[in-house]
Amino acid sequence: MSAHRQSRFTVWPILLVLAAAILPYLNTGRTVLFLDSLMLDSIPEAKDVALAFERLIVTAVYPGQELTILTIAINHRINLALGLDGFHAPSFVFVNVGLHAIHAVLVYYLLRSLLGRLRPTRNGPPFVLVAAAMLYASHPIHVSSVIDAIQRRSILAGLFQTAAMLAYLRCRDEKDTGNRARWIIATLAFLWLGMKSRSTGLAAPLVLVTLEIVLQLAEGRSLRRMLPRVTVPILMCAALAFMFAWKMELLNVTSLSMRSPQTMNVEADWGGRQQAMFQAQAYATYGSLLFFPSPRRLCIDHAASLKLGTPDKSNVGKWFVGGVHLIIIATAVFAAHSGLAVGAFGILLFYATQLLWLLLPHPGQVVEYRLYAAAIATSLVVLELIMQIPREGYRNVAAALCIIATMFLATITWQRNEIFQSPVTIWQDVVDKYPGQFRSEYNLANALFRDGHYEKAVQHYRNACAADFLDHRPHYNLANTLFKLGMRDEAAREYGETLHRKPDHAGAKQGLADCKLQP
6 MSAHRQSRFT
16 VWPILLVLAA
26 AILPYLNTGR
36 TVLFLDSLML
46 DSIPEAKDVA
56 LAFERLIVTA
66 VYPGQELTIL
76 TIAINHRINL
86 ALGLDGFHAP
96 SFVFVNVGLH
106 AIHAVLVYYL
116 LRSLLGRLRP
126 TRNGPPFVLV
136 AAAMLYASHP
146 IHVSSVIDAI
156 QRRSILAGLF
166 QTAAMLAYLR
176 CRDEKDTGNR
186 ARWIIATLAF
196 LWLGMKSRST
206 GLAAPLVLVT
216 LEIVLQLAEG
226 RSLRRMLPRV
236 TVPILMCAAL
246 AFMFAWKMEL
256 LNVTSLSMRS
266 PQTMNVEADW
276 GGRQQAMFQA
286 QAYATYGSLL
296 FFPSPRRLCI
306 DHAASLKLGT
316 PDKSNVGKWF
326 VGGVHLIIIA
336 TAVFAAHSGL
346 AVGAFGILLF
356 YATQLLWLLL
366 PHPGQVVEYR
376 LYAAAIATSL
386 VVLELIMQIP
396 REGYRNVAAA
406 LCIIATMFLA
416 TITWQRNEIF
426 QSPVTIWQDV
436 VDKYPGQFRS
446 EYNLANALFR
456 DGHYEKAVQH
466 YRNACAADFL
476 DHRPHYNLAN
486 TLFKLGMRDE
496 AAREYGETLH
506 RKPDHAGAKQ
516 GLADCKLQP
C-alpha cells in the first residue's frame with residue numbers, strides 16, 4: 006500500500022467522526038447565556054485567568070470544576086480581545102462543540118483499541134468502527150452538555166476519562182519500563198484533569214478498574230482469581246467517593262443518610278434506601294434514553310416519582326427494577342468471560358460512570374447532561390452486536406444501517422438545538438412532555454416572568470405550588486407576579502403562604518405590607 010493510500014486510510018474515519026460531531030450543531034443560534042451558565046457572571050474566577058489558575062493550584066487535591074472555570078476564563082479573555090462581550094454565548098458554544106468533536110475522535114480510537122485487544126481474531130474494518138463512533142458523536146443526549154456553557158465540565162470530564170482509558174491501555178501493553186512509567190504518569194494526569202473538570206470526574210478511576218476487570222475476564226481469569234488484584238483499586242475508589250461526599254457535605258455519618266445539597270433548597274435528609282430506589286429508577290430511564298432516544302421523550306429534565314419525605318407506593322416496583330439492574334450487571338460479567346467483552350464493558354461502563362451520582366441526591370429529577378460520558382456504552386454495545394455477525398459483508402451492511410441511524414440522530418440533535426434557543430422554549434418543552442413537575446413548571450414560570458409574560462407565568466407558578474406544597478419559592482414569586490398585575494388581594498394571600506412556609510422571609514413580609522397599602 007502506498008504512503009498516499011495509508012494517509013487516506015488514516016484520515017477519512019477521523020473526518021467522518023468530526024462531521025458527525027460538528028454538523029448537527031451548525032444551527033445553534035444562542036445569543037445569551039442561560040440555565041446554570043447564568044451563575045458564571047457571579048464567579049470572579051470565570052472572568053480572571055490568573056485568579057482561576059491560582060484557584061486550580063490551591064484546590065489541586067480536591068474534586069471540583071476549577072479546570073472548567075479556567076477554560077471559561079480563557080474564553081472570556083479571548084472574547085474581550087476580539088472586541089466581544091466577555092460572555093459572548095456563540096463563542097462558548099463554538100468551543101464546546103470543538104471539545105465534543107475532539108472527544109468523539111478519542112472515542113473512535115478507544116473503540117479501535119478495545120476491539121484490537123478484546124477481539125484480535127476478528128478485528129473490525131474502519132467502516133464498522135466509524136459507524137459506532139458516529140453514533141456517539143451525533144447522539145442527541147449531548148445537546149444539554151454542548152449548548153450550555155457551564156456544562157463544558159461534562160465534556161471535559163468525559164474527554165479526560167476517555168483519554169485516561171487510552172493511556173491505561175497503552176500502559177498495560179508497554180513492555181519497556183521507562184515507557185510504561187510515562188504512560189502511568191499520563192493516565193494519572195488525565196484522571197486528575199477529569200477530577201478538576203467536574204467533581205463526578207472521580208468516577209474515572211472506577212471506570213479504569215472496570216476496564217481491567219473486563220480485560221482479565223476476557224483473558225480467561227475468573228473473578229475469584231482476580232479479586233486480590235482489584236481489591237486495593239476498589240478500596241481506593243471507595244476512598245475517593247468518601248472524599249467526594251465529605252467535600253460536598255453530603256454524608257450524615259450519624260444517621261448514615263445522604264444530606265441534600267444546599268442548592269436543592271430542601272432540608273430533609275435523603276435516606277440510603279430511598280436514594281438507592283430512586284437511582285434504580287434513574288438508571289432505567291437513562292438506559293432507555295441512550296438506546297431509544299425518541300424525540301417525544303428527550304428534554305432537559307425527566308419526571309421521577311420519588312420525592313423527599315414522601316411515601317412512595319411503587320417501592321416494590323423500584324426494588325424490582327433494582328433487581329433487574331443486578332441481573333444485567335451479572336450478565337455483563339458473564340458475557341465478558343464468554344467472548345463478548347466489548348459489549349460487556351459498554352454495559353459496565355454505563356453503571357460505573359453513573360455510580361458516583363448515588364452520593365448526590367437529586368429527587369424527582371433525571372437530567373440528561375449526566376449521560377455525556379456514559380453514552381459511550383451505546384457505541385460499545387452496537388460495535389459488539391455488529392462484530393457478532395459472521396460475514397464481513399453483512400457486517401458492512403449493519404454498519405451502513407448505523408450510518409443511517411446516525412443521520413436520524415443528527416436530525417434529532419438539530420431539532421433539539423432549536424428548542425435550546427431560550428429558557429422559555431427549553432422549559433416549555435419539558436412541561437409539554439412531563440406536565441405538573443415542580444422544577445419545570447417553576448423554571449418556565451420564572452422564564453416567562455423575565456420576558457414580561459406575567460399572565461402566563463401565573464398559571465405555571467400555580468402549577469409549581471401544586472406540585473410541591475412545602476417549597477416557599479413558587480408562592481413568593483407568584484405573589485410578586487400577582488402584585489405586578491395589580492391583583493393585591495391574591496398577592497397578599499400568596500405572601501401569607503410564603504410566610505407560612507418560611508416565617509423569616511423578609512421579602513414576603515415587605516410584600517404583604519405593600520399589599521395592605523391603598524393603591
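Counted the way our numbering counts, the sequence shown spans residues 6 to 524. C-beta atoms are modelled at their ideal positions from N, C-alpha and C, and glycine is treated no differently. None of the values given here were measured: they were computed from a predicted structure.
ask   = What is the DSSP secondary structure of D434, reduced to helix, strand or coil?
value = helix
message = Does V66 come out as helix, strand or coil in the three-state DSSP assignment?
response = coil
query = Leaving out five residues before and five after A511 in sequence, what residues of the same chain have Cβ atoms less than 8 angstroms from its Cβ?
reply = none
request  = Return the CA-CA distance between L5 and A55, expressed in angstroms with no decimal places.
outcome  = Any question about residue 5 goes unanswered here, given that the chain covers just 6 to 524.
ask   = Name the DSSP beta bridge partners of V371, please?
value = H307
query = What is the DSSP secondary structure of E224, counted as helix, strand or coil?
reply = coil
request  = Would you check if there are 3 or more beta carbon pairs closer than 8 angstroms linking the segment 63-72 to the segment 449-460?
outcome  = no
query = Hey, would you say S304 sits closer than 8 angstroms to K514, going by beta carbons?
reply = Ser is not the amino acid found at residue 304; the sequence shown has Cys there. For C304 and K514, no; Cβs fall outside 8 angstroms.
query = Between which two residues does the alpha helix (DSSP H) carrying R526 extend?
reply = Any answer about residue 526 is impossible in this case: the structure gives the chain only from 6 up to 524.
ask   = Alpha carbon to alpha carbon, how far is L385 from A471?
value = 43 angstroms
query = Span of the alpha helix (DSSP H) holding D494?
reply = R493 to R506
message = I'd like to know whether the C-beta atoms of A167 and V214 end up nearer to each other than 8 angstroms.
response = One point to set straight first is that residue 167 is Thr, not Ala, in the sequence displayed. Not closer than 8 angstroms, so no.
ask   = Between the beta-carbon of P395 and the beta-carbon of Y447, is there less than 8 angstroms?
value = no
ask   = DSSP three-state call for D178: helix, strand or coil?
value = helix
ask   = Between the C-alpha atoms of W432 and H342, what's the straight-line distance to the nearest angstrom?
value = 45 angstroms
message = Helix, strand or coil, according to DSSP, for F165 in the structure here?
response = helix
inquiry  = Suppose you measure from the CA of I409 to the CA of Q156; what does that come to, to the nearest Å?
reply    = 29 angstroms
ask   = Rounded to a whole number of angstroms, what is the C-alpha to C-alpha distance between L38 and A94?
value = 6 angstroms
query = What is the rounded straight-line gap between the Cα of G163 and the Cα of N84?
reply = 25 angstroms
key: C-alpha distance - F92 paired with D181, whole-angstrom precision   = 47 angstroms
query = Looking at C-alpha atoms only, which residue of L517, R230, D476 and S427 is the closest neighbour of M492?
reply = L517
task = Could you check how far apart the C-beta atoms of L116 and L140 are, in whole angstroms? I think they sit under 8 angstroms.
result = Their Cβ separation, rounded to whole angstroms, is 10 angstroms, which puts L116 and L140 out of contact at 8 angstroms.
query = Quick one: what does DSSP say P238 is sitting in, helix, strand or coil?
reply = helix
ask   = Whose C-alpha, out of V326, P300 and R302, is nearest the C-alpha of A287?
value = V326
query = DSSP on P298, reduced to helix/strand/coil?
reply = coil
ask   = Under three-state DSSP, which class holds A346?
value = helix
query = Rounded to a whole number of angstroms, what is the C-alpha to C-alpha distance between L584 and M241?
reply = Nothing can be reported for residue 584, as the shown portion of the chain is limited to 6 through 524.
request  = With DSSP as the reference, label P95 as helix, strand or coil.
outcome  = helix
Short Cβ contact (8 angstroms threshold) for F132 with A337 = no
ask   = Among residues of its own chain, excluding the 5 on either side of V372, which ones have a beta-carbon nearer than 8 angstroms to its beta-carbon?
value = S149, I305, D306 and H307
inquiry  = So the candidates are S42, S445 and T486; which of them puts its Cα closest to the Cα of V463?
reply    = T486
message = Quick check on H144: does DSSP put it in helix, strand or coil?
response = coil
First through last residue of the alpha helix (DSSP H) which encompasses M44 = No alpha helix (DSSP H) holds M44; DSSP gives it neither H nor E.
ask   = For G183, does the three-state DSSP call read helix, strand or coil?
value = helix
key: Exposure label - L21; buried when at least 16 CB within 10 Å   = buried
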